[in-house]
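Residue numbers (my numbering): 35 to 503.
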């Protein structure tokens, strides 16, 4: 069932609608992982019980959600922490013990009796990778997410206010947002304790979850499974929200055929910014385009330079994060300028008003006196038959400054993939200085906890990787 848009828009605290749904939608399932299902009444009762315990025990102002619990139990804990006026810190279950200890030691364990929460009170600390090896904690206040929830429903309509399937980790801010979206709207959310493309398709085929929040790698696994098993279309999906990495737009027609009634949307954002820009997935769209700004977002390109007036992307909106918790010296940290914020992405606006993303400033390679953004070259390589993944790096070169090299993972044993042939393909699409001088092969491809390529890990492994001949 889809709730009436506008019923919750005035709520300025993330947990606020739950009490209303416990009264008006008491028997509707709020969260379901296939083993445990809680109605809104049951969820609210458990949340209130845990919140009362936190208040009685004078828990510290920041409380970590136990990442060893089930995802349903983590959601109860998360909502209880913020309902008690405290800030919920969401750690990653895969952190090594030394990292976990270092992160947790940076928070006070002193007893606290926080004041009643306001829209600008911190409610959530998530963590993103940094250059120091210790995750960066980013802190959000209620308004930054209630505005995100509001503009999501305003932009994408009733389908964004329908039941959500969020088949990813609680520690991944995209999936946590998807879970909260289902509870916020009163339509409910279905989750997976461990991702399975097969179970994701089964859930979608049941028609319970018209809205799917997903990362590209999950969609590719689903498409490959559907093709192998010659599965029929899934009719009940109405909205697919894709983020977390660049969507492979050449697969859009295939995805639309599998989900014929779905609106397929890509959106661009970051843990520190929430939504920035969005667009309907379109295979014919410019390859660098990430969409047009959301209605409550302003974007400014700073210090533009040729070609294409590329500069650093700054954003201003009510959805920006508060601050980092922990290290303030990480060179990958976001940059503030008054009300404006940049996560160090570089881009430009094209003639049609689309924001185009060329890469991350801290991955930029300077070679032969020119700037190269690895993401552009990686996209060209991954479009080649037989290439599953690509990661581009610069290594010291006394003549060029940096020499461009590429690491690839192959998904074929065909002899087509050679260094000479890949170089030839790159030359047909890129300026000569962007063509890799050497190629290396990695079979055990490293990923971050959010499913993205771990480029720093590949950079460290470069000296040990075999060359592609």
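For every residue, glycine included, the Cβ atom is placed at its ideal position computed from N, Cα and C.
According to DSSP, which residues form a beta bridge with residue i?
| i | result |
| --- | --- |
| residue 323 | 390 |
| residue 125 | DSSP, once it has assigned bridges, lists no residue as partnering residue 125. |
| residue 109 | Paired residue(s): none; residue 109 is not in a bridge. |
| residue 285 | Answer is none; residue 285 lacks a bridge partner. |
| residue 190 | None, per the DSSP bridge assignment. |
| residue 136 | Bridge partners of residue 136: none, in fact. |
| residue 501 | 474 |
| residue 209 | Per DSSP, none; premise fails for residue 209. |
Can you find the residues in the same chain that come closer than 6 Å, C-beta to C-beta, to residue i, ignoring five residues on each side of it along the sequence?
| i | result |
| --- | --- |
| residue 42 | Reliability fails at residue 42, whose pLDDT of 47 lies under 50, so the model's placement of it is uncertain and the value that follows must be treated cautiously. Around residue 42: 51. |
| residue 201 | 226, 229 and 234 |
| residue 474 | 441, 499 and 501 |
| residue 212 | 198, 200 and 247 |
| residue 145 | 92 |
Can residue i and residue j be called in contact, C-beta distance under 9 Å?
| i | j | result |
| --- | --- | --- |
| residue 138 | residue 98 | yes |
| residue 272 | residue 245 | yes |
| residue 422 | residue 444 | yes |
| residue 124 | residue 72 | no |
| residue 389 | residue 467 | no |
| residue 311 | residue 283 | no |
| residue 238 | residue 199 | yes |
| residue 270 | residue 207 | no |
| residue 350 | residue 334 | yes |
| residue 297 | residue 257 | no |
| residue 476 | residue 442 | yes |
| residue 460 | residue 391 | no |
| residue 47 | residue 153 | yes |
| residue 378 | residue 385 | no |
| residue 419 | residue 489 | no |
| residue 277 | residue 249 | yes |
| residue 95 | residue 121 | yes |
Just tell me which of the options has its CA closest to the CA of residue i.
| i | options | result |
| --- | --- | --- |
| residue 228 | 67, 461, 464 and 406 | 67 |
| residue 126 | 116, 109, 143 and 100 | 100 |
| residue 260 | 242, 232 and 250 | 232 |
| residue 370 | 381, 392 and 347 | 347 |
| residue 264 | 158, 278, 235 and 247 | 235 |
| residue 456 | 136, 412, 430 and 194 | 412 |
| residue 328 | 293, 387 and 474 | 387 |
| residue 454 | 465, 438, 471 and 463 | 471 |
| residue 330 | 156, 116, 155 and 184 | 184 |
| residue 141 | 118, 129, 149 and 173 | 173 |
| residue 45 | 115, 181, 192 and 80 | 181 |
| residue 266 | 291, 251 and 405 | 291 |
| residue 54 | 63, 69 and 75 | 75 |
| residue 321 | 49, 340, 168 and 300 | 300 |
| residue 109 | 132, 131, 224 and 241 | 224 |
Tell me which same chain residues have a C-beta within less than 7 Å of the C-beta of residue i, skipping the five on either side of it?
| i | result |
| --- | --- |
| residue 491 | 480 |
| residue 343 | 335 and 382 |
Who are the near neighbours of residue i in its chain, counting only those whose CB is closer than 8 Å to its CB and skipping five residues on each side?
| i | result |
| --- | --- |
| residue 58 | 220 |
| residue 178 | 308, 352, 353, 354, 355 and 356 |
| residue 194 | 186, 187, 215, 219, 245, 273 and 275 |
| residue 417 | 284 |
Comparing the C-beta of residue i with each C-beta of chain C, is any distance below 9 Å?
| i | result |
| --- | --- |
| residue 381 | No chain C is part of this structure, which consists of one protein chain only. |
Whole runs of the beta strand (DSSP E) within the stretch 302-378, excluding any shorter than 3 residues = 308-314, 323-327, 332-339, 344-350, 357-359, 369-371 and 374-376
Counting only runs of 3+ residues fully inside the stretch 67-91, write out the beta strand (DSSP E) ranges in chain order.
-> 71-73
Where are the beta strand (DSSP E) runs, 3 residues long or more, that stay fully inside the stretch 242-268, in chain order?
-> 245-248
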